[in-house]
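Note sheet for the following structure.
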Amino acid sequence: MWVLTTPLGYIVQCEPYQGATGRPTAYPGVGMGGEVVLDLIAELQEVEGCSFHLTFDNLFTSLKLVDRLSEKNIACTGTIRANRLEDCPLRDVKDMQKTPRGTFDYATDTKSGLIVVRWNDNNIVNVVSNKVGVHPLQVAKRWSRSESRQVQLPQPFLIRHYNQTMGGVDRTDQNVGKYRVAIRSKKWWWAIFAYCLDVCIQQVWHLYRATEAAKNNPLDLLAIRRRVVRVYLGRASHHAAPGRPRGHVSVDKRVLEEIRFDRLDHLVELWPTQLRCGACGKKTKHRCSKCKVGVHDRCFRQYHTK
Numbered sequence: 015m016w017v018l019t020t021p022l023g024y025i026v027q028c029e030p031y032q033g034a035t036g037r038p039t040a041y042p043g044v045g046m047g048g049e050v051v052l053d054l055i056a057e058l059q060e061v062e063g064c065s066f067h068l069t070f071d072n073l074f075t076s077l078k079l080v081d082r083l084s085e086k087n088i089a090c091t092g093t094i095r096a097n098r099l100e101d102c103p104l105r106d107v108k109d110m111q112k113t114p115r116g117t118f119d120y121a122t123d124t125k126s127g128l129i130v131v132r133w134n135d136n137n138i139v140n141v142v143s144n145k146v147g148v149h150p151l152q153v154a155k156r157w158s159r160s161e162s163r164q165v166q167l168p169q170p171f172l173i174r175h176y177n178q179t180m181g182g183v184d185r186t187d188q189n190v191g192k193y194r195v196a197i198r199s200k201k202w203w204w205a206i207f208a209y210c211l212d213v214c215i216q217q218v219w220h221l222y223r224a225t226e227a228a229k230n231n232p233l234d235l236l237a238i239r240r241r242v243v244r245v246y247l248g249r250a251s252h253h254a255a256p257g258r259p260r261g262h263v264s265v266d267k268r269v270l271e272e273i274r275f276d277r278l279d280h281l282v283e284l285w286p287t288q289l290r291c292g293a294c295g296k297k298t299k300h301r302c303s304k305c306k307v308g309v310h311d312r313c314f315r316q317y318h319t320k
């Protein structure tokens, strides 16, 4: 599954993987990874006032992709493989490996505003961007085996930006993998269906964390998952057991308190048949649109207040 996420792991757009030859070539010259990026952002470009900065790894990055994104006025930063740098005038990789850690070289294209940096860290790293550059220089802390202590290395700014904004997809995979649906099936579509269920719950968790309620009542992913399950179990139909009926289940037991007292989207609606009011117990033809429980107009506030 190809996914476009925020740095925290909230999925913005996704597309099923269709194999190396399973998708039409709509953007020649950028490779399969570049086509995936351009497809994922196609709908985002239509949103008025939507600005964003893409970060991707070397599976997707190429100079032609960055040029395409620059033409669309989309900022991007990504690591890039050495064999995709074409004729970029950077210091040779073998020469860079002989230099002290923290050494870097860079080249810019004045026409497109593109910059490519080669940095000597634990290994040689190549990063390209059309938005951020080398300056202001940052400081990276690394462990030195020869000195047996931490040392400080000069780090180009675009590499710091890449490290801070990359990893959203890994966070999504981590969240989904924590409490993954364990039911297996031989049907090809089941894996996609189960994945979508897990993703939807982690999406709900991210949205909840952005609300004011999360400040006073923070919930982890497992707590959110339990609440979702309880809500749907509460809404499930109750099948009567064989034998003599035991009577009607009380209204209060059918509606969870999380729904009844949340004060969100509770509206009075007219119902064609008579129902028993959840507050006073008398018959009524009105009910709560969210709780699905009969309630008089005069009893509406009383029923939804603790």
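Under the working numbering, read the sequence shown as residues 15 to 320, first letter to last. Ideal Cβ positions, reconstructed from N, Cα and C, are used throughout, including at glycine.
Beta strand (DSSP E) segment containing residue i, residue limits
i: residue 120; result: 118-123
i: residue 90; result: 89-93
i: residue 299; result: 297-302
i: residue 25; result: 25-29
i: residue 283; result: 282-290
i: residue 343; result: Residue 343 cannot be examined here, being either before or after the span of the chain that is shown, 15 to 320.
i: residue 68; result: 67-70
Cβ-heavy atom distance, residue i to the ligand MN, below 6 Å
i: residue 187; result: Summarising the ligand content, the structure contains no ligands, and the ligand MN is consequently not present.
Alpha-carbon to alpha-carbon, residue j and residue i
i: residue 283; j: residue 179; result: 47 Å
i: residue 105; j: residue 94; result: 15 Å
i: residue 306; j: residue 45; result: 52 Å
i: residue 143; j: residue 188; result: 27 Å
i: residue 344; j: residue 90; result: Residue 344 is absent from the model: the chain starts at 15 and stops at 320.
i: residue 29; j: residue 146; result: 28 Å
i: residue 235; j: residue 276; result: 20 Å
i: residue 52; j: residue 41; result: 8 Å
i: residue 317; j: residue 250; result: 21 Å
i: residue 27; j: residue 70; result: 14 Å
i: residue 267; j: residue 246; result: Note that residue 267 scores a pLDDT of 48, beneath 50, so its modelled location is shaky and nothing firm can be said.
i: residue 72; j: residue 248; result: 47 Å
i: residue 61; j: residue 108; result: 45 Å
i: residue 233; j: residue 201; result: 34 Å
i: residue 64; j: residue 310; result: 45 Å
i: residue 314; j: residue 272; result: 17 Å
i: residue 31; j: residue 226; result: 37 Å
i: residue 113; j: residue 33; result: 41 Å
i: residue 265; j: residue 320; result: For residue 265, the pLDDT reaches just 48, beneath the cut-off of 50, and the residue's location in the model is therefore unreliable, leaving the point undetermined.
Minimum C-alpha distance to residue i - residue among the options
i: residue 171; options: 188, 141, 165; result: 141
i: residue 126; options: 93, 294, 77, 149; result: 77
i: residue 122; options: 113, 222, 132; result: 132
i: residue 212; options: 186, 226, 32, 120; result: 186
i: residue 214; options: 69, 288, 194, 277; result: 194
i: residue 286; options: 277, 275, 271, 299; result: 299
i: residue 244; options: 196, 270, 224; result: 270
i: residue 192; options: 70, 203, 237, 108; result: 237
i: residue 337; options: 57, 154, 58, 43; result: Residue 337 lies beyond the range of the chain shown here (15 to 320); nothing can be said about it.
i: residue 124; options: 98, 134, 84; result: 84
i: residue 154; options: 230, 177, 59; result: 177
i: residue 120; options: 108, 301, 102, 288; result: 102
i: residue 216; options: 190, 39, 288; result: 190
i: residue 19; options: 32, 181, 320; result: 181
i: residue 149; options: 118, 239, 320; result: 118
i: residue 239; options: 33, 281, 222; result: 222
i: residue 15; options: 281, 210, 113; result: 210
Delimiting residues of the alpha helix (DSSP H) encompassing residue i
i: residue 214; result: 204-223
i: residue 76; result: Looking at the DSSP string, residue 76 is not in any alpha helix (DSSP H), and its letter there is neither H nor E.
i: residue 49; result: 45-54
i: residue 241; result: 235-249
i: residue 60; result: Counting along the chain, residue 60 falls outside any alpha helix (DSSP H), and DSSP gives it neither H nor E.
i: residue 272; result: 271-274
i: residue 316; result: 314-317
i: residue 111; result: 107-111
i: residue 230; result: 227-230
Nearest-angstrom Cβ-Cβ length linking residue i and residue j, presumed shorter than 8 Å
i: residue 88; j: residue 55; result: 7 Å
i: residue 321; j: residue 279; result: In the structure displayed, the chain extends from 15 to 320; residue 321 sits before or after that span and is not available.
i: residue 294; j: residue 308; result: No, residue 294 and residue 308 are not in contact; Cβ-Cβ is about 10 Å, not under 8 Å.
i: residue 138; j: residue 110; result: 5 Å
i: residue 23; j: residue 220; result: 7 Å
i: residue 74; j: residue 50; result: 7 Å
i: residue 115; j: residue 97; result: Contact flag wrong, Cβ pair sits at about 24 Å.
i: residue 152; j: residue 164; result: Residue 152 to residue 164, Cβ: 15 Å. No contact.
i: residue 167; j: residue 156; result: 6 Å
i: residue 183; j: residue 218; result: That pair is no contact at about 19 Å.
i: residue 79; j: residue 48; result: 4 Å
i: residue 289; j: residue 274; result: At roughly 16 Å, the Cβ-Cβ gap does not stay under 8 Å, so residue 289 and residue 274 are not in contact.
i: residue 197; j: residue 208; result: 7 Å
Checklist entry - Of all the alpha helix (DSSP H) runs that stay within the bounds of the region 116-191, which reach a length of 4 or more residues? => result Counting only runs of 4 or more, we get 171-179.
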